[in-house]
Every structure is written in structure tokens, then in C-alpha cells.
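Numbering (the working numbering), first residue to last: 47 to 312.
Cβ atoms here follow ideal geometry from the backbone N, Cα and C, with glycine treated the same way.
First the structure, in the form of C-alpha cells, and then the observations on it.
Right, dumping it as C-alpha cells:
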């Protein structure tokens, strides 16, 4: 049995095609994220041991483990908007954005089934668009923060922080439109609904709402990334911030190939 398993593993193993591995990681990571998140939404909707708070927490925990699942291979974006933000920061070649997005939408479509997002009755078109822009900008900017190497956040801690960010956004913007903040999370299920025979109403409902989680998320991702870059990221590129509890902080600045240390306190 062991020999058979080894043969199958050798057939399936991808060693030299790094880009293919990245796409597979983005696909399975997005699949897992939406599997957990949508299951929590269903449980909350039917009120069987769940409510909106439990759903929001589940999305955050699901995002954390989904990032763990894909991070070592692709970075664990799991969201076309985040891929764009990471490209703005120089962490992802621009040509990878579309292939990553296809992999993410595929993963979302495979797991989300008939579940997509729609706005609450009190939301207008422009209010919904602003909701998506702000929510995704928060997600994008904070992901830029926790992935900035100058903060020296351990790699294993980043997914935990990412999950916390998702929970925060869910608990503050979830009531407006389901906090899609992710084109892969919203568009894939709509395509599935169309193929399942629900008709074009999945796109035309609520004044053609389908475009808002796509356009709003992409605009928000760009805004969030540039806000972080303008206010934080572009400055002190040669500085390394070393946090020392109870002792203030040390900043090392590179000057003519030598380093001069300056100290400060909180």
C-alpha cells in the first residue's frame, strides 16, 4: 500500500512549476475560506446554534487558516483585490494578477454554491458601493501593514492578524451587504447560480448589484494600498524598527554604508 501511495504521490507532485503551485494554493485557500464562511452564514440564517456574531468570528478564523494553507506557496491572497494591493507594494508581479484572480474565483465558485451577497433593504446603490470601497480599503491597507517586512512580524503570526482583520471588518460592515470585500467571494457564486438555472436575476437583482462587490472591492484595494504607502510605506525605507518592551525603540538608519542608532521612547 505504501508503494502504491508513493507512486500516486510522485505522479501528482509538482516540483519545478512554481507558478502552477501558486495557482493551486490560491484556489484551495479561497475554497476553504468560503466553505467555512458560507457555512457560518447558513447556520446564522436558519438560527440553529448561530447568529451574526458567530458568523463574523467564523469568517475571521476561516480566513486565518486559509492564509496558513496557502501562504508558504503563494502568499495567501485569496482575493483579487489583495493581489492588486500586493502588486502595488511590489510584492507580486503585475502579470500574475489575472491568473491569481482566475484561480481565486474558481475556488470561490467551487465551494460557494448558491450563496452570494446582496445588500440590505436600507442600502442604496452608491451607499453599497461606498460600503465595499471602505471595507476593502481597510482590509487592503491593514494587510499591507502586517506584510511590511520592516515591522518584523513573524511569518507564522501574519495569518492570525489577517483573520483578526477580517473579523473586525465583518463585525463593523457586515450588516450593510454581507462584507463581500472580495470579487472571488461574490462573482463565483453568481456564475454558479446562473448555471444552476436561477436565471439572469442573480445579476440584475437589486439594481444590478453584482458589479458593486467587484468594482468597489478593486477600488478599495487600490485606495487602501496607496493610503498605507503614502502615509507609512514610502518613508524610512532604510529603517529597521526594533521594538523593545519597556525600553522604547531603536531605529537603525543606513548612512554611507554605516549605521547610526538613535533611540526614543513611547
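Does DSSP classify residue i as helix, strand or coil?
i	result
residue 226	coil
residue 160	Any reading at residue 160 needs caution, since the residue's pLDDT is 48, under 50, leaving its predicted position unreliable; the model's value is listed next. Residue 160 falls in the coil class under three-state DSSP.
residue 115	helix
residue 139	coil
residue 92	coil
residue 196	helix
residue 60	coil
residue 240	helix
residue 219	helix
residue 245	coil
residue 97	coil
residue 259	helix
residue 126	helix
residue 133	helix
residue 169	coil
residue 234	helix
residue 279	helix
residue 121	coil
residue 301	Note that residue 301 scores a pLDDT of 42, beneath 50, so its modelled location is shaky and nothing firm can be said.
Assuming residue i contacts residue j (C-beta within less than 8 Å), just tell me the rounded distance between them.
i	j	result
residue 127	residue 186	6 Å
residue 236	residue 80	In fact, because the Cβ distance is near 13 Å, the residues do not count as touching under 8 Å.
residue 133	residue 255	The pair is not a contact, with the Cβ atoms about 27 Å apart (cut-off 8 Å).
residue 69	residue 139	With a Cβ gap of about 14 Å, residue 69 and residue 139 do not count as contacting.
residue 72	residue 120	5 Å
residue 166	residue 223	7 Å
residue 279	residue 194	7 Å
Less than 8 Å between the C-beta atoms of residue i and residue j, yes or no?
i	j	result
residue 76	residue 153	yes
residue 259	residue 117	no
residue 212	residue 141	no
residue 244	residue 171	no
residue 184	residue 177	no
residue 251	residue 229	no
residue 179	residue 265	yes
residue 50	residue 78	no
residue 92	residue 131	no
residue 151	residue 219	no
For residue i, tell me which candidate among the options has the shortest Cα-Cα distance.
i	options	result
residue 271	129, 119, 86	129
residue 257	116, 226, 60	226
residue 268	136, 239, 213	136
residue 191	60, 72, 277, 165	277
residue 208	66, 115, 49	115
residue 221	55, 53, 281, 90	90
residue 113	59, 280, 201, 219	201
residue 239	157, 147, 64	157
residue 100	189, 274, 217, 123	217
residue 98	151, 279, 215	215
residue 124	197, 155, 102	155
residue 196	281, 102, 86, 107	281
residue 149	65, 55, 247	65
residue 87	67, 74, 108	108
Please check if any C-beta of chain D sits within less than 8 Å of the C-beta of residue i.
i	result
residue 87	Within the model displayed, chain D is absent; a lone protein chain is all it includes.
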